[in-house]
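**Q** Quick note, the sequence shown lines up with residues 75 to 387 if you use the working numbering. After the structure tokens below, expect a handful of questions from me.
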Amino acid sequence: MNHIFDIFKQAILHHRLSHLYILSGSKGQITKDLIFELVYLLLGDGNEDPILESKIKNQNHPNFYYIEKEGQTIKKEQVLELQREFSKTSLVEGRRVFIVEGSDTMSVSAQNSLLKFLEEPKNNETIGILLTDNVNALLPTILSRAQVVRIFDQELTIEKLLEENLSLEHATLVSLMTKNLNEAKSLSQDVFFLETLECIRDWIDWFNNHKLSYIYIQQSIFNILQYDKKYLELIFETLLYLCLDIMYYHMNQKLFLSFYREKIQLISNNISIIKAQKMMDIVKEYSNRLKYPVNTQLLITSFLIEMDGIKHA
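The following block contains the structure:
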């Protein structure tokens, strides 16, 4: 986890802290102890202060606000209470930090309230950190305002696969399917994975060429339907990251699919942040529909037509 603290230490040192971060990790990775250490770093600038540390752990520091789920979700009223608290003048100078645990469980109305709060900051030193194990459950408009910090074991998996002489493209995409190194190595040589990779490249060509119709990729994605469902899920997850990277490129932020940087640069000439956000919403919607018994070919055709409509709008 040291790399997480290094990211924030460097941002503090160079005065480049963002107003919103998303910490994305699998369940059990993002502990309260980890978060309290991070808040301690942000409020104390790395200086030792046992009193500050104690107040943070007991959640009674006036510049620290922690939101947890009420039942199964984060409710709109909890976000409104955060707004009310941070609209007040703090008795302590310096940064103010709020944490939203399980942010992917926020209702749409709660997320929209958070957006309104983010758009009307009361304090330039306010820093929000959203915790999630499913970054794609958050609204694209929130993702576009945040710096995503991943703390999956995925980075280690990618490093190990690179040592096995896999390309960064192969290593990154196969790591979306599994964090198990042996399984990842096996999948990377699987003929179905390689064909899925070609389908993803077809998608990138489609994004990149304004004149191409969805017909260009229809057959290649139909071919994937005959394989294990996990390959179709990989396509949808990669498309989510691709849409997010298009938004990040427009905002000069770090790309997740960095090996596609040159292509994403070209894509951004045709697809704006707003279009990328709309596409991301559609990818998420149809990805959820695939979880239910449906005629998959008809669903994919409908998905392609909607994506094509936004692209050529």
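Idealized CB from N, CA, C, for every residue including glycine. If you're wondering where the values come from, they're calculated on a predicted model, not measured in any experiment.
#1: With distances taken from CA atoms, which of LEU97, GLY120, ILE96, SER98 is nearest LEU87?
#2: By the three-class DSSP mapping on this structure, what secondary structure does ILE173 have?
#3: Taking 8 Å as the cut-off, does the region 227-241 touch the region 252-261 (at least 3 CB pairs, one atom from each stretch)?
#4: Can you tell me which of the three DSSP states THR200 falls into?
#5: Enumerated in chain order, which unbroken segments of the alpha helix (DSSP H) with a length of 4 residues or greater are wholly contained in the region 113-178?
#6: Distance, Cα to Cα, LYS106 vs GLU307?
#7: For a test of the three-state rule: what should DSSP assign to ARG408, helix, strand or coil?
#8: Sort TYR334, MET325, GLU269, LEU331 by Cα distance to ASP302 and report the nearest one.
#9: Based on the DSSP output, what are the partners of ILE96 in its beta bridges?
#10: Would ASN380 and ILE347 qualify as a contact pair, given that the criterion is a beta-carbon distance under 8 Å?
#11: In the DSSP assignment, the alpha helix (DSSP H) including ALA211 goes from what residue to what residue?
#12: Going by other Cβ atoms of all chains shown within 10 Å of its Cβ, with 16 needed for buried, is ILE289 buried or exposed?
#13: I want to know whether the region 238-252 touches the region 351-371 - three or more CB-CB distances under 8 Å.
#14: In the DSSP assignment, the alpha helix (DSSP H) including ASP319 goes from what residue to what residue?
#15: Going by CA-CA distance only, name the one from THR206, PHE191, LYS131 that's closest to ILE104.
#16: ILE225 and GLY118 - do their beta-carbons sit closer together than 8 Å?
#17: Sort GLU311, LYS304, ILE341, TYR305 by Cα distance to TYR322 and report the nearest one.
#18: For the region 153-169 and the region 120-139, state whether three or more C-beta atom pairs, one from each stretch, are separated by less than 8 Å.
#19: Any idea if SER332 is buried or exposed, counting beta-carbon neighbours within 10 angstroms, 16 or more meaning buried?
#20: How far does the alpha helix (DSSP H) with ASN282 in it extend, from its first residue to its last?
#21: How long is the line joining the alpha carbons of ASN311 and LEU91, rounded to whole angstroms?
#22: Where do the N-terminal and C-terminal ends of the alpha helix (DSSP H) with ASN186 fall, by residue?
**A** Taking the coordinates as given:
#1: Ranking the options by Cα distance to LEU87, first place goes to GLY120.
#2: In the displayed model, ILE173 falls within a strand according to three-state DSSP.
#3: By the Cβ test, the region 252-261 is in contact with the region 227-241, since at least three Cβ pairs between them sit closer than 8 Å.
#4: In the structure shown, THR200 sits in a strand (DSSP, three-state: E or B).
#5: List check, alpha helix (DSSP H) in window: 124-131, 150-161.
#6: If I take the Cα positions, the gap works out to 31 Å.
#7: Missing from the structure shown is residue 408; the chain here goes from 75 to 387 and no further.
#8: Of the listed residues, the one whose Cα sits closest to ASP302 is GLU269.
#9: For ILE96, which the question treats as bridged, DSSP gives the partners LEU204, VAL222.
#10: The displayed chain sequence assigns Glu, not Asn, to residue 380. It is not a contact, given that the beta carbons lie outside the stated cut-off.
#11: For ALA211, there is no enclosing alpha helix (DSSP H), as DSSP marks it with neither H nor E.
#12: Around the beta carbon of ILE289, a 10 Å sphere encloses fewer than 16 other beta carbons of the protein chains shown; the residue is thus reported as exposed.
#13: No, they do not touch.
#14: Its alpha helix (DSSP H) spans residues 303-324.
#15: With distances taken between Cα atoms, ILE104 lies closest to THR206.
#16: Annotated as distal: GLY118 and ILE225, with beta-carbon spacing of 8 Å or more.
#17: For TYR322, the closest C-alpha among the options GLU311, LYS304, ILE341, TYR305 is that of ILE341.
#18: The region 153-169 is in contact with the region 120-139.
#19: Exposed, since its Cβ has fewer than 16 Cβ neighbours within 10 Å.
#20: Judged by DSSP secondary structure, ASN282 falls within the alpha helix (DSSP H) whose first and last residues are 265-282.
#21: The sequence shown places Glu at residue 311, not Asn. Answer to the nearest angstrom: the Cα atoms are 28 Å apart.
#22: Looking at the DSSP string, the run of the alpha helix (DSSP H) that includes ASN186 is 182-193.
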